[in-house]
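Scroll down for the structure; my scribbles are underneath it.
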Amino acid sequence: MKFYLQLLEVFTIREIKSRYKASLLGPLWIIIYPLLTTLILSFIFEKILKIKTEGIPYFIFLLSGLLYWNFFQQGILLAKDSLIWNRDLMTKTSFPKEIIPLSFIFSKIPDFFVGLLILFIFLILYNFKIRFEILILIITVFPMFFFTAGIGLFFSLTNAIFRDFGRIIEFFLMIFFYISPILYSENLIPQKYQIIVGINPLALIISFSHDLIFRNSIRIDLIMMSLFISLIIFIFGVIFFRKFEKKIADLI
Amino acid sequence: MNQPIIQIENITKQYYLEKPRTLKKWFRHLFSPFEKFTVIKNFSLRINKGEFIVITGPNGSGKTTLFKLITGITNPDKGKIVTRGKIVPLIELSAGFNAELTGRENIMVNATILGIEKTRILQIIPKIIKFSGLHNFIDVPIKRYSTGMTSRLAFSIAIYSKPDIFLIDEIFAVGDERFRKKSIKKIIEFKRKGVTILLSTNYNMKWSFIDKTIILK
Chain A
1290 MKFYLQLLEV FTIREIKSRY KASLLGPLWI IIYPLLTTLI LSFIFEKILK
1340 IKTEGIPYFI FLLSGLLYWN FFQQGILLAK DSLIWNRDLM TKTSFPKEII
1390 PLSFIFSKIP DFFVGLLILF IFLILYNFKI RFEILILIIT VFPMFFFTAG
1440 IGLFFSLTNA IFRDFGRIIE FFLMIFFYIS PILYSENLIP QKYQIIVGIN
1490 PLALIISFSH DLIFRNSIRI DLIMMSLFIS LIIFIFGVIF FRKFEKKIAD
1540 LI
Chain B
1472 MNQPIIQIEN ITKQYYLEKP RTLKKWFRHL FSPFEKFTVI KNFSLRINKG
1522 EFIVITGPNG SGKTTLFKLI TGITNPDKGK IVTRGKIVPL IELSAGFNAE
1572 LTGRENIMVN ATILGIEKTR ILQIIPKIIK FSGLHNFIDV PIKRYSTGMT
1622 SRLAFSIAIY SKPDIFLIDE IFAVGDERFR KKSIKKIIEF KRKGVTILLS
1672 TNYNMKWSFI DKTIILK
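Taken in order, these protein sequences are the chains called A and B.
1464 is the number that the working numbering gives to position 175 of the first sequence; each next residue is one higher, with no gaps.
1589 is the number that the working numbering gives to position 118 of the second sequence; each next residue is one higher, with no gaps.
Put into structure tokens, the structure is as follows:
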């Protein structure tokens, strides 16, 4: 177990370090990326499509959801190619290989916390009353990580054998982006489609965070449900990965 | 105590020659079995603790595959393999290296893959650097290294990994004469300490300390 954590730590650091080695702005991208994506989307959906969000400034509403989306999307995109990029590790070394996709996803966790900090700063700039409870948002990292990791493990294997899954992931991500209350408020979803939020771990986390930030209510039921579904998906991801990882060494 | 450290019983390993990857090929192969290539067939071997085994054979005869099977990187189609103790495989020296990271940073990653604990890695880093003779290059990204330098670093890490079973796959083709001699000396030292060593090579080795030579065809 201790050794497992060492592997995870070393590989996560390896991934973070190598990511910024050949980059001019380096880790500054961690700040630029969420701001830029939020700015672009808020222009389109606030100024052109005129989406209403219960009087919440749209920029900050969007930022609070995109934080989770960016982690999910980037985690999946890194994980899907992680085994292909590390072919030599798969075929020529011996250690628990799920470390590879997991460490790639792990390497995005600092980005998430920086994003959270940016969100807090903007809440202050927008004259929101910052209460102590806002720190509860930190626990959302758990369901978010497990959900992303479960799906990431699955796609990392399948994409290593059949590149078609790279295409499937594009559709998958597009669907998830629109069925999660990132661009619009969860209250806008008609009653008969509420189930979409009810079983989607990402939507549950985002709803939880919206409620906490903008509506002063701590919906423990949402976060627990999200954690529950995420853990099931994560366990399935690990089982699936363990079952086929040896085969991959021959096929990749 | 008399149990063999590596016990290979009747293993067979096949690889797909052409992977049935696209839909078109799937259809073409639907009624005939996929073409497979048998690398190892009904192979059995017992190796005792402390033995020095040389495995030779032409390219494609299954030397590397045998090492991968012993290490558990891949599973045999038939038969079974039992091993006892910590195995350190040197199948491709640069496998764990990341080109963007420096030599020092890569030591951490590679040593972890070889199963060395973090506190010990920090202790042995100076020794690794000394053995590799790469003092001036250790904080330079690996991508600036020559092939020989890369393998020198990798081999230097491996010798500090305290293996019970050491699998060395054709690595004496690289590294300069001085480093080769140093490495061979180290391997003899391992042998004396009772480490089991399997070495694959294309050359005909005539060292006195070889216990057994296995020829694959």
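Each residue gets a CB set at the ideal place from its N, CA and C atoms; glycine is no exception.
These figures come from a predicted structure and were not determined experimentally.
Exercise. Can you say whether B:Pro-1597 is buried or exposed, counting buried as having 16 or more other CB atoms within 10 angstroms of its CB?
Key: Translated into positions along the second sequence, residue 1597 of chain B becomes position 126. Counting every other CB atom within 10 Å of its CB across the protein chains shown gives B:Pro-1597 a total below 16, marking it as exposed.
Quiz item: Buried or exposed: A:Pro-1479, going by 16 or more other Cβ atoms within 10 Å of its Cβ?
Solution: What you label residue 1479 of chain A is simply residue 190 of the first sequence in a count that begins at 1. The C-beta of A:Pro-1479 has fewer than 16 other C-beta atoms within 10 Å across all chains shown, which makes the residue exposed.
Quiz item: So is A:Asp-1539 in contact with chain B if we call contact Cβ pairs under 8 Å?
Solution: On the first sequence, position 250 is the one that residue 1539 of chain A refers to. Taking Cβ atoms only, chain B reaches closer than 8 Å to A:Asp-1539, which makes this a yes.
Quiz item: Are three or more beta carbon pairs between the region 1530 to 1543 of chain B and the region 1552 to 1563 of chain B nearer than 8 Å?
Solution: Yes, the region 1530 to 1543 of chain B is in contact with the region 1552 to 1563 of chain B.
Practice problem: Give every residue of the same chain whose Cβ lies closer than 7 Å to the Cβ of B:Met-1579, excluding the five residues on either side of it in the sequence, and list them in chain order. | Solution: The count along the second sequence starts at 1 and reaches residue 1579 of chain B at position 108. Non-local C-beta neighbours of B:Met-1579 in its own chain, meaning closer than 7 Å and more than five positions away in sequence, comprise Ile-1592, ordered along the chain.
Self-check item: Assumed close pair A:Leu-1493, A:Ile-1365 - CB separation to whole angstroms, cut-off 8 Å
Solution: Start at 1 with the first residue of the first sequence, and residue 1493 of chain A comes out as number 204. Start at 1 with the first residue of the first sequence, and residue 1365 of chain A comes out as number 76. The C-beta distance from A:Leu-1493 to A:Ile-1365 rounds to 18 Å, too long to fall under 8 Å, and the pair is not in contact.
Quiz item: By Cβ distance below 7 Å, which residues in the same chain neighbour A:Phe-1395 in space, the five residues on each side in sequence not counted?
Solution: Within the first sequence, residue 1395 of chain A is the residue found at index 106, counting from 1. Excluding positions up to five away in sequence, the list reads Leu-1297, Thr-1301.
Quiz item: Using the beta-carbon count (16 or more within 10 Å), is B:Tyr-1631 buried or exposed?
Solution: What you label residue 1631 of chain B is simply residue 160 of the second sequence in a count that begins at 1. Buried is the label assigned to B:Tyr-1631, since at least 16 other Cβ atoms lie within 10 Å of its Cβ.
Quiz item: Would a C-beta distance cut-off of 8 Å place B:Gly-1436 and B:Asn-1481 closer than the cut-off?
Solution: Since the first residue of chain B shown is 1472 and the last is 1688, residue 1436 of chain B is not available in this structure.
Quiz item: With 16 as the cutoff for other CB atoms within 10 Å, does A:Leu-1328 come out buried or exposed?
Solution: Translated into positions along the first sequence, residue 1328 of chain A becomes position 39. It is exposed - the Cβ of A:Leu-1328 has fewer than 16 other Cβ atoms within 10 Å.
Quiz item: Hey, is the region 1435 to 1445 of chain A in contact with the region 1500 to 1507 of chain A, meaning 3+ C-beta pairs nearer than 8 Å?
Solution: Result no; under three Cβ-Cβ pairs closer than 8 Å.
Quiz item: If we ignore side chains and look at the alpha-carbon of each, how far apart do B:Phe-1568 and A:Leu-1442 end up?
Solution: As a working mapping, residue 1568 of chain B is identified with position 97 in the second sequence. As a working mapping, residue 1442 of chain A is identified with position 153 in the first sequence. If I take the Cα positions, the gap works out to 22 Å.
Self-check item: Interface positions of the region 1583 to 1600 of chain B facing chain A (Cβ-Cβ less than 8 Å), listed along the chain
Solution: Those residues of the region 1583 to 1600 of chain B that come within reach of chain A (Cβ to Cβ, closer than 8 Å) are Thr-1583, Ile-1584, Gly-1586, Glu-1588, Lys-1589.
Self-check item: Limits of the alpha helix (DSSP H) - the one that B:Asn-1546 falls within
Solution: Stepping through the second sequence from its first residue, residue 1546 of chain B is reached at position 75. Bounds of any alpha helix (DSSP H) do not take in B:Asn-1546, whose DSSP letter is neither H nor E.
Exercise. Please check if any C-beta of chain A sits within less than 8 Å of the C-beta of B:Ile-1562.
Key: Counting from one through the second sequence, the residue named residue 1562 of chain B turns up at place 91. True, the Cβ-Cβ gap to chain A drops below 8 Å.
Practice problem: Could you have a look at B:Leu-1488 and say whether DSSP puts it in helix, strand or coil? | Solution: Within the second sequence, the letter at position 17 stands for residue 1488 of chain B. B:Leu-1488 falls in the coil class under three-state DSSP.
Self-check item: Where B:Thr-1545 meets chain A, residues with beta-carbon distance less than 7 Å
Solution: Indexing the second sequence from 1 puts residue 1545 of chain B at position 74. The contacting residues are Lys-1535, Ala-1538, Asp-1539.
Quiz item: Between A:Phe-1384, A:Val-1403, A:Leu-1314, A:Tyr-1482, which lies nearest to B:Ala-1582 when the distance is taken from Cα to Cα?
Solution: Sequence index remark: in the second sequence, residue 1582 of chain B carries index 111 (1-based). Minimum Cα distance to B:Ala-1582 is reached at A:Phe-1384.
Self-check item: Within-8 Å CB hit, B:Met-1620 to chain A
Solution: Against the second sequence, residue 1620 of chain B aligns to sequence position 149. No, B:Met-1620 does not count as interfacial toward chain A.
Quiz item: Taking the runs of the alpha helix (DSSP H) that are 4 residues or longer, which of them lie wholly in the region 1548 to 1635 of chain B?
Solution: The qualifying runs are 1574 to 1584, 1589 to 1603, 1618 to 1629.
Quiz item: How many Å lie between A:Phe-1465 and A:Asn-1359 at the Cα?
Solution: Looking up residue 1465 of chain A in the first sequence gives position 176. Looking up residue 1359 of chain A in the first sequence gives position 70. The alpha-carbon of A:Phe-1465 is positioned some 12 Å away from that of A:Asn-1359.
Practice problem: For B:Asp-1640, count neighbouring Cβ atoms within 10 angstroms of its own Cβ and tell me buried if that reaches 16, exposed if not. | Solution: Counted from its first residue, the second sequence places residue 1640 of chain B at position 169. B:Asp-1640 comes out buried.
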